[in-house]
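*Asks:* A single structure is presented below for examination.
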Amino acid sequence: NDPAKIVVLISGSGSNLQALIDTIAAGSIDAQIVGVICNNAQAYGLKRAKSANIPTHIIKHSEFASREQFDHALISCIDQYQPHLIILAGFLRILSSQFVQYYLGRLVNIHPSLLPKYPGLNTHRRALEAGDTQHGASVHYVTENLDAGPVILQAVISILTDDNEQRLAQKTLTQEHRIYPLAVKWVIEQRVKLRQNKVEFDGSILTTPVQIDPVSGNITVNNKTLTET
Ligand code: GRF
């Protein structure tokens, strides 16, 4: 079997892209990143892709009259690769419902909060202002409502009394680099599937997202510890 093909969409630093590049290079995921698409010519993530010899494409949203036209250009670019999976990794554009429907079940995102808490921006600040004791990151299928698709995997971290926004963002990002490649591996291996707006894991519908404890590394699926990752 040929490795599964992945296209990654980015807008910025691309540290999640890097985590995926490294995990694939280590042989942990049987996949190939066949293209990286970016809407910002200055994004550092483009350098990361080039260093890994991945073809890059810059498609600037500002050059299109509407969201639909921009998304159409994205689709044309993505489809030349016929990817199994499209990964949003810090891609700062809201996608049209046509785009989302077209790739439904093959489109995943990472978000820096414990969804459904704090969709949108400034998640770390909002968690601190709310006095939360826990925070984290979520990998989810993308559906039509922003940051509201079914969640596959979450890492939960404790908010400490001396955490500020920057420190919390850094701790969260570290966990993102751990959970995103793991969730992608499960999707590629078809252990995880989108089924009627729910996540199926090893043939069972998740009643709550899979959780990884960052300290122990223990993974919990429907209240049971996962032994085979
Ligand atoms: C991450 O925090 C991700 O959750 C959010 O944007 C950030 C992207 O970081 N959507 P990077 O570009 O992967 O370094």
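When we follow our numbering, the leftmost residue of the sequence shown carries the number 28, and every step to the right adds one.
Idealized CB from N, CA, C, for every residue including glycine.
Predicted model only: the values in this text are computed from it and were never measured.
1. Tell me the DSSP secondary structure of Lys144 in three-state form.
2. On the premise that Gly41 lies in contact with Gly72, defined as a C-beta separation below 8 Å, what is that separation, rounded to the nearest angstrom?
3. Quick check: the segment 90-100 against the segment 173-189, are at least 3 beta-carbon pairs closer than 8 Å?
4. Just mark Asp174 as buried or exposed, buried being the case when its beta carbon has 16 or more other beta carbons within 10 Å.
5. Note down, in chain order, each residue of its chain lying with its Cβ closer than 7 Å to the Cβ of Glu204, except the 5 sequence neighbours on either side.
6. Using CA coordinates, which residue listed in Asn250, Ile33, Ala210 and Val219 is at the minimum distance from Ile137?
7. Judging by CA-CA distance, which residue of Arg222, Val166 and Gln217 is the nearest neighbour of Leu200?
8. Name the DSSP bridge partner or partners of Ser231?
9. Opposite Ser136 in the DSSP bridges: which residues?
*Replies:* Based on what the coordinates show:
1. coil
2. 2 Å
3. no
4. buried
5. Checking the displayed sequence, the identity of residue 204 turns out to be His instead of Glu. The answer, listed in chain order, is Ser42, Asn43 and Ala46.
6. Ala210
7. Val166
8. BP columns for Ser231 point to Phe228.
9. Per the sequence shown, the amino acid found at residue 136 is Asn instead of Ser. In DSSP, Asn136 forms a bridge with Leu115 and His167.
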